[in-house]
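S.K.: Just so we're on the same page, the numbering used here is the position in the sequence shown counted from 1, plus 3.
Yeah, the Cβ is synthetic: ideal placement off N, Cα and C, and Gly gets one too.
Got a structure for you, written out below as structure tokens; questions coming shortly.
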Amino acid sequence: MTTPLRHLLALDQLSRPTIEALLDHAQALRPMALVGDPAHRPLAGRSLANLFFEASTRTRCSFQLAAVRLGADVLNVDMATSSARKGESMTDTLATLEAMGVTLFSIRHSIDGVVAELANVCAPTTRLINAGDGRSHHPTQGLLDMLTIRQNKGTDFSGLKVAILGDLKHSRVARSDLHALRALGTGEIALAAPAALLPDAATAIGCRIFENADDAIRDADVIITLRLQRERMDEGLVPSLEAFYNDWGLSPQRLLLARKDAIVMHPGPMNRGVEIADEVADGPQSVIREQVSNGVAVRMAVLEALGGAPATGRRALGV
Ligand code: NCD
């Protein structure tokens with residue numbers, strides 16, 4: 004039994020069967036994620052608004068493509084030129100779009116918890132998807148990462164060692180990955196970062212923390228590297244980018260410590276030569292592009308699961 008979803012705010016709210024059902028559905032949608040299927044338009048007549056208060060390429064574009072492929076209309080609201088610039092509150096922006104019949108929203112914001120707060124005030128027919136809030140959650144990225152691991156390593160995670168490397172302190176991707184990895188029963192989760200970039204104790208529950216990258220990576224089946232989030236960092240947390248690469252970057256030499264069939268993941272955007280070497284990012288073990296493609300399938304699955312009730316007027320018309 005899976006729990007019906009109203010919003011998708013965070014993965015720690017989801018049971019293992021719900022996560023697995025979303026992943027199974029995303030896998031089934033995978034063939035139509037890149038080309039679409041005119042016969043499959045379950046969201047025809049629905050509208051999605053992308054409200055991104057932070058920069059994005061992958062997440063925003065894949066929400067757009069996912070919605071279009073399911074037959075929905077999409078509004079990419081440019082927050083830099085919207086009425087948010089005139090001081091309109093997020094609640095008013097949401098209510099304005101709701102009044103136009105928009106029922107689905109993907110929202111990215113730098114402030115932790117903002118999307119969950121909006122979930123308390125939105126219309127009953129509205130469905131919100133957290134597309135990344137501050138350092139806290141990025142549930143669709145967590146799901147697409149799990150889908151990528153499944154495709155390469157199978158659905159049983161109990162024998163896997165997953166190493167996550169880099170700026171764990173500021174990473175909402177790492178937090179969502181950790182919720183999902185734990186829920187799916189991952190055998191070993193290894194975290195490695197300089198002391199200044201380690202996550203808090205609650206985030207690291209059930210994980211082994213390593214003081215150097217080599218020990219974390221040794222015999223890993225999956226390596227997830229993270230972007231140094233300089234925009235969320237006080238100065239001085241990292242001595243220099245060169246020093247960071249030497250100690251924590253995923254170089255071809257370091258990758259040799261992992262299992263021969265280990266896969267390399269990165270949520271993007273990459274700082275090449277900082278957290279990952281070009282040869283590794285573009286090498287045979289990299290599944291970074293696969294993650295991007297899976298992002299469309301996962302967002303299709305999430306949009307379908309939330310569905311979004313028809314706007315009131317349409318319901319009154321019996322449409
Ligand atoms: C991530 C994000 O915005 O949290 N990017 C993404 O959605 N793929 C990771 C990052 O910015 O480092």
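1. If contact is defined by three or more beta carbon pairs under 8 Å, each pair taking one atom from either stretch, is the region 122 to 137 in contact with the region 278 to 291?
2. For the region 241 to 260 against the region 174 to 189, are there 3 or more C-beta pairs whose distance is under 8 Å?
3. On the criterion of 16 or more Cβ atoms from any shown chain inside 10 Å, does residue 37 qualify as buried, or is it exposed?
4. Any heavy atom of the ligand NCD closer than 7 Å to the CB of residue 272?
5. Taking only the alpha-carbon atoms, compute the straight-line gap between residue 273 and residue 202 and give it to the nearest angstrom.
6. Starting from residue 156, follow the alpha helix (DSSP H) in both directions and report where the run begins and ends.
7. Check residue 133 in the structure and name its three-state DSSP category.
8. Just mark residue 92 as buried or exposed, buried being the case when its beta carbon has 16 or more other beta carbons within 10 Å.
9. Can you give, in chain order, each stretch of the beta strand (DSSP E) that sits fully within the region 252 to 297 and has at least 3 residues?
10. Is it buried or exposed, residue 145, if we count other Cβ atoms within 10 angstroms and call 16 or more buried?
11. Quick check on residue 53: buried or exposed, where buried means 16 or more other Cβ atoms within 10 Å of its Cβ?
12. Mind checking residue 249: buried by the 16 CB within 10 Å criterion, or exposed?
13. Per DSSP, which residues does residue 95 bridge with? Please list them.
M.R.: A quick look at the data gives this:
1. Counting C-beta pairs closer than 8 Å gives fewer than three between the region 278 to 291 and the region 122 to 137, which falls short of the contact rule.
2. The region 241 to 260, when compared against the region 174 to 189, does not touch it at the 8 Å Cβ threshold.
3. The residue labelled residue 37 in the question sits at position 34 within the sequence shown. Counting Cβ neighbours within 10 Å, residue 37 comes out exposed, since fewer than 16 surround it.
4. Numbered from 1 along the sequence shown, position 269 holds the residue referred to as residue 272. At least one heavy atom of the ligand NCD sits closer than 7 Å to the Cβ of residue 272.
5. Translated into the one-based positions of the sequence shown, residue 273 becomes position 270. Translated into the one-based positions of the sequence shown, residue 202 becomes position 199. Distance between the alpha carbons of residue 273 and residue 202 is about 20 Å.
6. On the sequence shown, position 153 is the one that residue 156 refers to. Annotation: the continuous alpha helix (DSSP H) that includes residue 156 extends over 142 to 156.
7. Residue 133 sits at position 130 when you count from the first residue of the sequence shown. Annotated three-state conformation of residue 133 is strand, per DSSP.
8. The residue you call residue 92 lines up with position 89 of the sequence shown. That one is exposed.
9. The region 252 to 297 contains, as complete beta strand (DSSP E) runs of 3+ residues, the segments 266 to 268 (chain order).
10. Along the sequence shown, one-based indexing puts residue 145 at 142. Buried, by the Cβ-count rule.
11. Counting from 1 along the sequence shown, the entry for residue 53 is found at position 50. The residue is buried, with at least 16 neighbouring Cβ atoms inside 10 Å.
12. Working through the sequence shown from its first residue, we reach residue 249 at position 246. Here residue 249 is exposed, its C-beta having fewer than 16 other C-beta atoms within 10 Å.
13. On the sequence shown, position 92 is the one that residue 95 refers to. Under the DSSP definition of a beta bridge, residue 95 lacks any partner.
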